[in-house]
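Worksheet: the structure to be examined is printed underneath.
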Amino acid sequence: LKSINFYGSKGVIGIIGAGNFTKMTMLPALKGCGASYKFIASAGGVSGTALAKKYNFSHSTTDYKEILNDDDVDLVLITTRHDKHASMSAEALIAGKHVFVEKPLALNNEQLEQIIDAYKQSKSSLTVGFNRRFSPHALKIKSLTGQGPMNVIATMNAGHIPGNVWVHDMQVGGGRIIGEACHFIDL
């Protein structure tokens, strides 16, 4: 791991992606954190502009590269569809931004190599949104079972998603294993 210098950071956030996850999870969680919201980018502009007004972002855009080119923005949150995570994360790292990207980081080895190359070139941090490891239930289980290796059998219900939704498209969403079961592989 590299040493990352956060001193001199302005605490200015730019978000790429204004879908349900951003609206229902990310922005409510960030509310009151003390950071400055500058940009929110969405493909069509309508959802981004609505969220910008609601959460006091100073800028809404349909061109995420405005975020990458802005000197004030320190941290980029990437909450787009899965197929964009790797390329946008790599671009943000190369632009000198710290990156929080929702899971999955990549859909295939080629995308993963793109991220690794960009990370090696940058002086920025990269965090993937694996949140299950922080859940009170997971922490309790960890405290009861200890640190050693173990075999875990888990049954989960991530909820029904109709077959025609993008998450099932292997090129866009990666399917349910890459898009959802990755949480439990991480855990």
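So the sequence shown is numbered by this note's numbering: it starts at 4 and just counts up by one.
Virtual Cβ for every residue (Gly too), placed ideally from N, Cα, C.
Since this is a predicted model, take the numbers as computed values, not measurements.
{"Query": "Taking the alpha carbon of Lys57 as the point to measure from, which residue in Ile19, Tyr40 and Asn72 has its own alpha carbon closest?", "Result": "Tyr40"}
{"Query": "In chain order, which continuous runs of the alpha helix (DSSP H) of length 4 or greater are located wholly inside the stretch 116-140?", "Result": "none"}
{"Query": "On the DSSP bridge assignment, give the partners of Leu78 in chain order.", "Result": "Ile16 and His101"}
{"Query": "Measuring straight from C-alpha to C-alpha, what distance separates Ala44 and Val131?", "Result": "19 angstroms"}
{"Query": "Using three-state DSSP, classify Ser61 as helix, strand or coil.", "Result": "coil"}
{"Query": "May I have the straight-line CA-CA distance separating Ser50 from Pro152, to the nearest angstrom?", "Result": "45 angstroms"}
{"Query": "Which residues in the same chain have their Cβ closer than 8 angstroms to the Cβ of Val175, if we skip the five residues on either side of it in sequence?", "Result": "Arg84, His85, Asp86 and Trp169"}
{"Query": "Determine the direct distance from the alpha carbon of Met91 to that of Ala109, and round the result to whole angstroms.", "Result": "11 angstroms"}
{"Query": "At the level of alpha carbons, what is the spacing between Ala95 and Ala38?", "Result": "19 angstroms"}
{"Query": "Based on Cα-Cα distance, which residue from Asn23, Thr64 and Ala98 lies nearest to Gly48?", "Result": "Thr64"}
{"Query": "Quick check on DSSP: helix, strand or coil for Lys26?", "Result": "helix"}
{"Query": "When you compare the CB positions of Ala121 and Ile156, do they come within less than 7 angstroms of one another, or not?", "Result": "no"}
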